[in-house]
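To convert, count from 1 in the sequence shown and add 12; that's this note's numbering.
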Amino acid sequence: MPTLNRLRIQQSFRDAKPLIGQKILRRACTLRNEFKIFLNNLNNELMDQLAMNIFRLLTDCVVNIDFPFKIASTSSAFGKIFAQLCIFGFRPDLFSVIADSMVTECVRNGGAHKRCETLIAWSQLMQFIFSNVRDGYYSEIRQQRRSSLPQQQLFLKQKHNLNTITTRGSL
13 MPTLNRLRIQ
23 QSFRDAKPLI
33 GQKILRRACT
43 LRNEFKIFLN
53 NLNNELMDQL
63 AMNIFRLLTD
73 CVVNIDFPFK
83 IASTSSAFGK
93 IFAQLCIFGF
103 RPDLFSVIAD
113 SMVTECVRNG
123 GAHKRCETLI
133 AWSQLMQFIF
143 SNVRDGYYSE
153 IRQQRRSSLP
163 QQQLFLKQKH
173 NLNTITTRGS
183 L
């Protein structure tokens with residue numbers, strides 16, 4: 013990402029408050045009804061936690077904007093959170109709604125640069141962030157599926173039986 017775009021992002025996010033996470037979720041609800049249904053399935057504590065995680069993701073990525081590998085790892089960890097939210101109706105296509113809402117709210121947040129230049133800068137950053145968010149999400153889903161396969165359960169059962177035999181033998 014060009015240096016000027018990084019500066020635009022940092023300047024426009026400089027005065028951001030944790031409340032931006034809530035604003036992003038509200039905007040996402042207006043953009044897509046499926047997202048609203050997903051949020052309605054969450055309790056208030058989970059919704060507040062999700063809003064705070066969005067704020068932390070943005071903050072960490074802006075602070076580390078000169079270090080793409082840190083942005084990638086932070087984004088991937090954020091994506092892994094959503095694998096646990098599938099039971100509440102989350103689907104990976106809803107990431108695009110979150111990304112669009114983030115761009116909109118971050119551009120609205122202000123800055124001295126032209127709005128179109130700031131929009132381009134945030135769009136580039138979100139493209140990178142959400143590429144890694146999706147990677148984290150799918151890696152966690154694969155891990156969950158692997159751990160629930162019959163051969164994995166058989167292995168765990170055999171390991172438990174072996175531990176039981178070993179424990180009895182040492183008494």
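Just so you know, even glycine gets a beta-carbon here, dropped at the ideal spot from N, CA and C.
- [ ] Inspect the beta-carbon positions of V74 and Q139 and report whether they are closer than 8 Å.
- [x] No. Outside cutoff.
- [ ] At 4 residues or longer, and completely inside the region 26-79: list those alpha helix (DSSP H) runs for me, N to C.
- [x] 32-43, 45-52 and 56-75
Open item on the list: Please classify C128 as buried or exposed, where buried requires at least 16 other C-beta atoms within 10 Å of its C-beta.
Closed with: exposed
Task: Inter-residue spacing [alpha-carbon to alpha-carbon] between S151 and F142 - done: 14 Å
TODO: Put S160 into one of helix, strand or coil per three-state DSSP.
DONE: coil
- [ ] Could you tell me if S113 is buried or exposed, where buried requires 16 or more neighbouring beta carbons within 10 angstroms of its beta carbon?
- [x] By the 10 Å Cβ count, S113 comes out buried.
Task: Same chain, Cβ closer than 6 Å to I83, five either side skipped, listed in chain order - done: C73 and N76
Open item on the list: Measuring straight from C-alpha to C-alpha, what distance separates C41 and S160?
Closed with: 33 Å
- [ ] Decide if I66 is buried, meaning its Cβ has at least 16 other Cβ atoms within 10 Å, or exposed.
- [x] buried
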